[in-house]
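Enquirer:
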Amino acid sequence: MLPARAVTWDYLIVGAGFAGAVLAERLASQCGATCLVIDRRAHIAGNAHDRYDAAGVLVHDYGPHYFRTNSDRIVEYLSQFTEWHPVDYKILSWTGGQFWPFPINLNTFEQLVGHPATSEEMARALAEWRVPIAEPRNSEEVIVSQVGTKLYEMFFQNYTRKQWRRDPRDLDASVCGRIPIRLNRDDRYLSEKFQALPKDGYTVMFRKMLAHPKIEVRLGTDYRDARAQIAHRHLIFTGPIDEYFGHCFGPLPYRSLRFEPETLAQEFFQPAMQVNYPNDHAFTRIVEIKHATGQRIPVTTIVREYPQDFGPGREPYYPIPAPDARALYQRYAELGEREPGVSFVGRLATYRYYNMDQVVGMALAEFEKLRVPKS
Ligand code: FAD
Ligand code: UDP
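For what it's worth, my numbering labels the leading residue of the sequence shown as 1, then goes sequentially.
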């Protein structure tokens with residue numbers, strides 16, 4: 001039952017993911033504000049949600065969530081709610097009938113040339129193979145300008161087409177550019193200085209963040225249905241911004257996914273936590289998160305990830321980092337700036353391909369703005 005109109009919340013927060021949970025926690029604990037957090041899903045933690053499946057394996061429901069950051073401030077903030085399980089996230093790529101160390105590093109190079117090599121030899125080879133492009137403007141240019149077309153075609157071209165249903169030339173350089181290319185033997189997927197998972201999982205961490213007497217959480221509640229009945233002084237919206245404005249300029253493009261889990265009666269299925277399939281199969285990757293969580297259990301659960309178009313009944317997992325999509329988003333952002341009493345925060349509300357730590361940073365920055373009384 002929703003409360004009578006007479007109850008006025010200081011903040012109505014739409015979305016119990018990182019953006020919504022951080023803001024609720026800060027506003028309640030630092031300002032004593034009353035916060036009602038609603039989410040249309042049946043659980044907290046947004047896309048970072050994890051849980052034990054029927055076989056007892058801790059799984060990430062919406063794709064693997066590898067926490068990493070360079071920000072001490074963000075680690076310090078989240079450490080109030082969790083201890084950490086350090087992980088060097090390692091993945092492999094499967095192509096041409098073999099596993100390859102990925103991202104491209106000296107070990108990948110040695111496998112390609114078929115003999116031991118040094119960083120200097122790798123640097124010389126890449127200098128010969130790379131296509132000279134002073135300022136790469138898209139995801140094809142950013143890779144071929146570093147490693148040339150052969151390695152681009154082996155690892156990036158088809159994965160990217162499958163994932164985004166766009167040619168890499170039609171995506172920002174930052175999409176493929178976020179994958180490091182190394183001349184040494186560092187084969188970790190990510191480069192940030194802090195890489196770890198919440199020790200007891202994301203959902204437990206979120207439960208602690210939201211366990212404040214000034215915070216109430218209502219799940220299975222869609223803002224579109226509930227808004228007329230919830231009186232509030234300020235709205236924090238973390239869902240898709242085009243949906244908020246009734247798609248008045250047309251829908252923003254998103255990419256969706258279908259996750260196909262499979263539980264197997266064996267300790268491990270594959271040699272790494274994630275194997276990418278750039279050139280085989282309709283799925284992009286198989287994730288066996290148990291490698292990262294460190295859980296010891298004689299069964300395992302793997303998840304195949306199939307990219308799909310966004311549409312009715314599907315989740316908008318990825319905003320599309322490309323100039324045309326950004327131009328449309330900009331029109332919504334301008335409306336958002338003029339919307340009184342509303343903050344748009346998070347990956348969907350600001351249409352940014354952001355990682356968890358970046359969303360935490362964005363929410364903490366919004367908190368600083370909200371806590372300063374407007375003059
Ligand atoms: P979300 O987590 O999407 O939360 C928004 C919430 O709002 C949702 O729960 C939604 O149900 C709710 N909502 C929306 N509209 C309404 C409405 N009208 N009414 C009520 N509720 C509503 N980041 C990393 O750092 N590392 C990774 O390895 C990583 N892997 C990822 C893999 C995949 C497949 C995906 C999709 C994302 C990944 N991310 C990763 C990104 C990470 O998920 C996001 O940065 C983060 O979860 C964003 O938090 P958020 O609060 O902005 O959004
Ligand atoms: N990518 C690729 N080949 C790979 C891995 C990544 O081409 O083996 C490209 C692809 O376009 C992908 C992007 O790099 O969408 C970012 O990869 P990441 O693994 O960071 O994607 P996410 O986990 O966000 O889906």
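All C-beta atoms in this analysis are idealised placements derived from N, C-alpha and C, irrespective of residue type, glycine included.
1. With a threshold of 7 Å, establish whether the CB of residue 356 neighbours any heavy atom of the ligand FAD.
2. Can you give the Cα-Cα distance for residue 62 and residue 130, rounded to whole angstroms?
3. Counting Cβ pairs closer than 8 Å, one from the segment 124-144 and one from the segment 202-222, do we hit at least three?
4. Excluding the 5 residues flanking residue 230 on each side, which residues of the same chain have their C-beta closer than 6 Å to its C-beta?
5. Curious, which full-length beta strand (DSSP E) runs of at least 3 residues does the segment 203-251 contain?
6. Does DSSP put residue 270 in a helix, a strand or coil?
7. In the structure shown, what three-state DSSP assignment does residue 323 receive?
8. Starting from the C-beta of residue 220, find all residues in its chain whose C-beta is less than 6 Å away, skip the five residues before and the five after it, and write them out in chain order.
9. Beta carbon of residue 195, beta carbon of residue 307: below 8 Å?
10. Beta-carbon within less than 7 Å of residue 277's beta-carbon, same chain only, minus the 5 sequence neighbours each way: which residues are those?
11. In the DSSP assignment, the alpha helix (DSSP H) including residue 74 goes from what residue to what residue?
12. Give the straight-line distance between the Cα atoms of residue 263 and residue 51, rounded to the nearest whole angstrom.
13. For residue 370, collect the residues of the same chain with a Cβ closer than 6 Å to its Cβ; drop the 5 residues on either side in sequence, then sort them by chain order.
14. Which residue from 68, 108, 40 puts its Cα closest to that of residue 191?
15. Do residue 242 and residue 252 have their C-beta atoms within less than 8 Å of each other?
16. For residue 372, count neighbouring C-beta atoms within 10 Å of its own C-beta (all shown protein chains included) and say buried if the count is 16 or more, exposed if not.
17. Excluding five sequence neighbours on each side, which residues of the same chain lie with their C-beta closer than 8 Å to the C-beta of residue 4?
18. In the DSSP assignment, find the unbroken beta strand (DSSP E) run with residue 152 in it and report its ends.
19. Excluding five sequence neighbours on each side, which residues of the same chain lie with their C-beta closer than 7 Å to the C-beta of residue 55?
20. CB-CB under 7 Å to residue 108, same chain, minus the five flanking residues each way: which ones, in chain order?
21. In chain order, which continuous runs of the beta strand (DSSP E) of length 3 or greater are located wholly inside the segment 293-349?
Expert: In brief:
1. yes
2. 36 Å
3. no
4. Within its own chain, the residues whose Cβ lies closer than 6 Å to the Cβ of residue 230, once the five positions on either side in sequence are excluded, are 12, listed in chain order.
5. Whole beta strand (DSSP E) segments, 3+ residues: 215-219, 231-237.
6. Residue 270: coil per DSSP, three-state reduction.
7. The answer is helix: DSSP assigns residue 323 an H, G or I state.
8. Result list for residue 220: 42, in chain order.
9. In terms of Cβ geometry, residue 195 and residue 307 do not form a close pair [threshold 8 Å].
10. 94, 283, 284, 285
11. 72-78
12. 14 Å
13. none
14. The residue with the shortest Cα to Cα distance from residue 191 is 68.
15. yes
16. exposed
17. Confidence at residue 4 is low in this model, with a pLDDT of 47, below 50, so the placement of that residue should be treated as unreliable; the coordinate-derived value is given next. Once the five neighbours on either side are set aside, residue 4 has no close Cβ partner at all.
18. Not the beta strand (DSSP E): residue 152 falls in the alpha helix (DSSP H), residues 149-155.
19. 263, 299, 301
20. 100, 101, 102
21. Along the segment 293-349, the beta strand (DSSP E) occurs as fully enclosed runs of 3 or more residues at 300-309, 342-344, listed in sequence order.
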